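Visitor: Position one of the sequence shown corresponds to residue 1 (full-length UniProt numbering), numbered consecutively onward.
Below is the structure I would like to discuss, written out as structure tokens.
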Amino acid sequence: MKLSDRQEKIIDIVKENGPITGEHIADKLNLTRATLRPDLAILTMAGFLEARPRVGYFFTGKTGSELISDKIKTFQVHEFQQIPIIVKEDVSVYDAISAMFLEDVGTLFVVNDKSCLSGVLSRKDLLRASIGQQDLNAIAVHIIMTRMPNITVCRKDDLLLDAAQRLITKQIDALPVVKDTEDGLVVTGRITKTTITKAFVELGIDSHI
């Protein structure tokens, strides 16, 4: 987070004198309490300062990069998940390729007749299947998909960092977000490398506002 000169001065004052009341900070800067209030609110919400009733403000001891790191650690999957692209097990490889390019995604999630996750299709899976003289309309995706239980998943309350670690460890492009049911795992969303990159970029932009 890029701070103004006045906000930097406020932090220095609190470091040297904290805990210190808003009135005393205002006196040191020759400002009114009302003028100072927005800056104190920003610094408190950003995590640089903490305020205790009837005590005053004190410095948290955290740098801007540490505050960003702390915020990242609170992100959960459900805050960033996207709509999953789902196909049935009996869909042809040709139709799956069409769906992948029409939806502009790199991964399709395959479900069974109970609408529960049974497999995953990647671009590589479909590319391998399309090589040769095979009739892609005659091949069902369940023949070439990666099957359960060899599928890495996440759940909506998982930390985004944990999901990112799974993507890296497994060297895959997407995770299905699932919920548990009596029939199996129902796909409710997806998390991709692009999703996580966007989340971190947005955080970086917010930190410079």
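The beta-carbon is built from N, C-alpha and C at its ideal position, and this holds for glycine as well.
Bear in mind the structure is a predicted one, so any value in this text is a computation, not a measurement.
I want to know whether the stretch 72-87 touches the stretch 180-193 - three or more CB-CB distances under 8 Å.
Guide: Yes, the stretch 72-87 is in contact with the stretch 180-193.
Visitor: Could you spell out where the beta strand (DSSP E) holding P53 opens and where it closes?
Guide: By 1-based counting over the sequence shown, the position of residue 53 is 53. No beta strand (DSSP E) holds P53; DSSP gives it neither H nor E.
Visitor: Rounding to the nearest angstrom, what Cα-Cα distance links D125 and G106 in this structure?
Guide: Position 125 of the sequence shown, counted from the start, is the residue given in the question as residue 125. Position 106 of the sequence shown, counted from the start, is the residue given in the question as residue 106. Whole-angstrom Cα-Cα distance: 10 Å.
Visitor: Applying the criterion that 16 or more other CB atoms from any shown protein chain within 10 Å of the CB defines a buried residue, is G119 buried or exposed?
Guide: Stepping through the sequence shown from its first residue, residue 119 is reached at position 119. So G119 ends up on the buried side.
Visitor: In this structure, how does DSSP classify V110 when only helix, strand and coil are distinguished?
Guide: Taking the first residue of the sequence shown as position 1, residue 110 is located at position 110. Residue state, collapsed to three classes: strand.
Visitor: Taking the DSSP output, what are the residues bridged to I191?
Guide: Numbered from its first residue, the sequence shown carries residue 191 at position 191. According to DSSP, I191 bridges with L175.
Visitor: So what does DSSP say about K15, is it helix, strand or coil?
Guide: Translated into positions along the sequence shown, residue 15 becomes position 15. Three-state result, K15: helix.
Visitor: I'd like to check one pair, V153 with E89: are the Cβ atoms closer than 9 Å?
Guide: The sequence position of residue 89 within the sequence shown is 89, counting from 1. The sequence position of residue 153 within the sequence shown is 153, counting from 1. No, these two residues do not count as a Cβ contact at 9 Å.
Visitor: From F75 to G56, what distance separates their C-alpha atoms?
Guide: By 1-based counting over the sequence shown, the position of residue 75 is 75. By 1-based counting over the sequence shown, the position of residue 56 is 56. Whole-angstrom Cα-Cα distance: 30 Å.
Visitor: Can you check DSSP and say which residues form a bridge with S118?
Guide: In the sequence shown, counting from the first residue as 1, residue 118 sits at position 118. Paired residue(s): none; S118 is not in a bridge.
Visitor: Strictly by DSSP, which residues pair up with I20?
Guide: The sequence position of residue 20 within the sequence shown is 20, counting from 1. Its beta-bridge partners are Y57.
Visitor: Tell me which same chain residues have a C-beta within less than 6 Å of the C-beta of N137, skipping the five on either side of it?
Guide: Along the sequence shown, one-based indexing puts residue 137 at 137. Correct list, in chain order: S92 and Y94.
Visitor: Which of the three DSSP states is assigned to R155 in this structure?
Guide: On the sequence shown, residue 155 is found 155 positions in, with the first residue counted as 1. Note: R155 maps to coil in three-state DSSP.
Visitor: Is L49 helix, strand or coil when you go by DSSP?
Guide: On the sequence shown, residue 49 is found 49 positions in, with the first residue counted as 1. Three-state result, L49: strand.
Visitor: Can you give the Cα-Cα distance for T195 and K170, rounded to whole angstroms?
Guide: Locating residue 195 in the sequence shown gives position 195, counting from the first residue. Locating residue 170 in the sequence shown gives position 170, counting from the first residue. In a straight line, the C-alpha of T195 is about 17 Å away from that of K170.
Visitor: Please check if any C-beta of chain D sits within less than 9 Å of the C-beta of L102.
Guide: You won't find chain D in this structure, because it holds only one protein chain.
Visitor: Which class does K9 belong to by DSSP, given the choice of helix, strand or coil?
Guide: Position 9 of the sequence shown holds residue 9. Looking at K9 - three-state DSSP - the assignment turns out to be helix.
Visitor: Compare the beta carbon distance of L36 and I20 with 9 Å and say whether it is the shorter of the two.
Guide: For the purposes of this step, residue 36 is taken as the residue at position 36 of the sequence shown. For the purposes of this step, residue 20 is taken as the residue at position 20 of the sequence shown. Result no, Cβ atoms of L36 and I20 do not sit closer than 9 Å.
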